[in-house]
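Right, one structure below, let's go through it.
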Amino acid sequence: MGRLLLFAMLGVIGYLLVRRLLQSGAPTLKHPVPPPEQTIETVRCTTCGVHVPRREALYANGQFYCDQHRPSGSTAER
Ligand SMILES: [Zn+2]
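Residue numbers for the sequence shown follow the working numbering, so the first one is 16 and each next one is one higher.
Laid out in structure tokens, this is it:
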């Protein structure tokens with residue numbers, strides 16, 4: 016009887032070990048997580064309301080403008 020119990024325990028332990036190995040090994044087989052998409056910050060043109068990437072927008076008088084509505088006479092800086 017004692018021997019039967021021993022085999023039963025070995026079976027359970029072996030089962031748990033195999034299950035743990037399968038679970039820990041599974042994530043490495045998965046596809047790598049893709050990098051998060053690069054979000055491009057956009058700003059709204061004060062004149063026409065179109066959204067342009069911030070680095071392409073013109074900032075003048077505390078407001079953003081697209082290329083077409085660059086305020087004349089002011090010192091627009093990128
Ligand atoms: Zn505009």
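Cβ coordinates follow ideal geometry from the N, Cα and C atoms, glycine included.
For ALA75, the beta-bridge partners assigned by DSSP are GLN78. In the DSSP assignment, VAL58 forms a beta bridge with VAL67. For THR54, the shortest C-beta to heavy atom distance toward ligand 1 is 7 Å or greater. Taken through DSSP and simplified to helix, strand or coil, SER39 comes out as helix. Here the alpha carbons of SER39 and PRO47 stand approximately 15 Å from one another. Under the three-state reduction of DSSP output, VAL33 falls in the helix class. In this structure the stretch 57 to 66 touches the stretch 75 to 82; the number of beta carbon pairs closer than 8 Å is three or more.
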